[in-house]
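Enquirer: Sequence order for the protein chains is A and B.
Under the working numbering, think of the first position of the first sequence as 1, with each following residue one higher.
Under the working numbering, think of the first position of the second sequence as 1001, with each following residue one higher.
Attaching a single structure in structure tokens format; questions to follow.
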Amino acid sequence: SAVISQKPSRDICQRGTSLTIQCQVDSQVTMMFWYRQQPGQSLTLIATANQGSEATYESGFVIDKFPISRPNLTFSTLTVSNMSPEDSSIYLCSVRSPWTGEKTDTQYFGPGTRLTVL
Amino acid sequence: GDSVTQMEGPVTLSEEAFLTINCTYTATGYPSLFWYVQYPGEGLQLLLKATKADDKGSNKGFEATYRKETTSFHLEKGSVQVSDSAVYFCALSARGGSARQLTFGSGTQLTVLP
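Dropping the structure here:
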């Protein structure tokens, strides 16, 4: 499996500000995903980020609120813009195999970024 | 669309008890099925997976069998430990489509008491 790191691991932010979350992978991967996990809830896909193209957003998520960059095959950022307390969540990036020797499209997750908006 | 239905929690067991967490799914075609575990304060870890009917995924004493006839992927462990306390998510990845993103169940909180 890939080693995935996220920065920051947690943050406390003020309403109206923005936070950029970084996701770094130790392998080149085609597809990266960003998820949100609201307190006590399951995961909801925000968007799919492919290198060299614009991110594809799921229903209910828009680029102005959650801009995503994907400058290369090992890195992506998610920005949470103009934050409100409702944005308090865990944000997770994930990457999808297959890579060498693995035929199944398995997703692996980063450790998450715990965001609290006051 | 695709969906995953998980046994509602929370589940509380004594150490060495038998664990079953039920998971059923709805999907077109033949999805891949997964169990992920989230320990307190951590991200999601892949626990086990199965890619076709009758496959059994296993890891750390946990097992789940892909049952196409009942569209189920129940998680079992014969003897749980306190360290198994976590939230468990069942998920599927449907074949076809360009993204093949995961569809998650609602999660089941497991607490194991000493």
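Positions of the beta carbon are idealized from the N, C-alpha and C atoms, including for glycine.
In this text, all values refer to a predicted model and were calculated from it rather than measured experimentally.
Would you say Leu-1046 (chain B) reaches chain A, if we count a Cβ-Cβ gap shorter than 9 angstroms as a contact?
Expert: With 9 angstroms as the cut-off, Leu-1046 (chain B) counts as an interface residue toward chain A.
Enquirer: Find the residues of chain B that neighbour Gly-52 (chain A), judging by a C-beta separation of less than 7 angstroms, and give them in chain order.
Expert: Those within 7 angstroms of Gly-52 (chain A) in chain B number zero; the least Cβ separation is about 15 angstroms.
Enquirer: With 9 angstroms set as the bound, which would you pick, yes or no: does the beta-carbon of Thr-1111 (chain B) sit closer than that to a beta-carbon of chain A?
Expert: no
Enquirer: For Gln-14 (chain A), decide whether its Cβ has a neighbour in chain B, counting only Cβ atoms nearer than 9 angstroms.
Expert: no
Enquirer: What residues in its chain sit with their C-beta under 6 angstroms from that of Ser-1079 (chain B), if we drop five residues either side in the sequence?
Expert: Glu-1016
Enquirer: How many angstroms separate the CA atom of Phe-61 (chain A) from the CA atom of Leu-1044 (chain B)?
Expert: Roughly 22 angstroms separates the two Cα atoms.
Enquirer: So with Cβ pairs under 9 angstroms, would you call Gly-1105 (chain B) a contact of chain A?
Expert: yes
Enquirer: I'd like to know whether the C-beta atoms of Leu-1092 (chain B) and Thr-1012 (chain B) end up nearer to each other than 9 angstroms.
Expert: At the C-beta level, Leu-1092 (chain B) and Thr-1012 (chain B) stay beyond 9 angstroms of one another.
Enquirer: May I ask you to list, following chain order, the residues of the segment 1022-1041 of chain B that have a beta carbon less than 9 angstroms from some beta carbon of chain A?
Expert: If the cut-off is 9 angstroms between Cβ atoms, the segment 1022-1041 of chain B has Ser-1032, Phe-1034, Tyr-1036, Gln-1038 and Gly-1041 near chain A.
Enquirer: Is there a C-beta anywhere in chain B that falls below 9 angstroms from the one on Pro-111 (chain A)?
Expert: yes
Enquirer: Less than 8 angstroms between C-beta atoms, sequence neighbours within five positions excluded: which residues of the same chain meet that for Asp-64 (chain A)?
Expert: Ser-81
Enquirer: Give every residue of the same chain whose Cβ lies closer than 8 angstroms to the Cβ of Pro-1031 (chain B), excluding the five residues on either side of it in the sequence, and list them in chain order.
Expert: Asp-1002, Tyr-1025, Leu-1092, Ser-1093, Ala-1094 and Arg-1095
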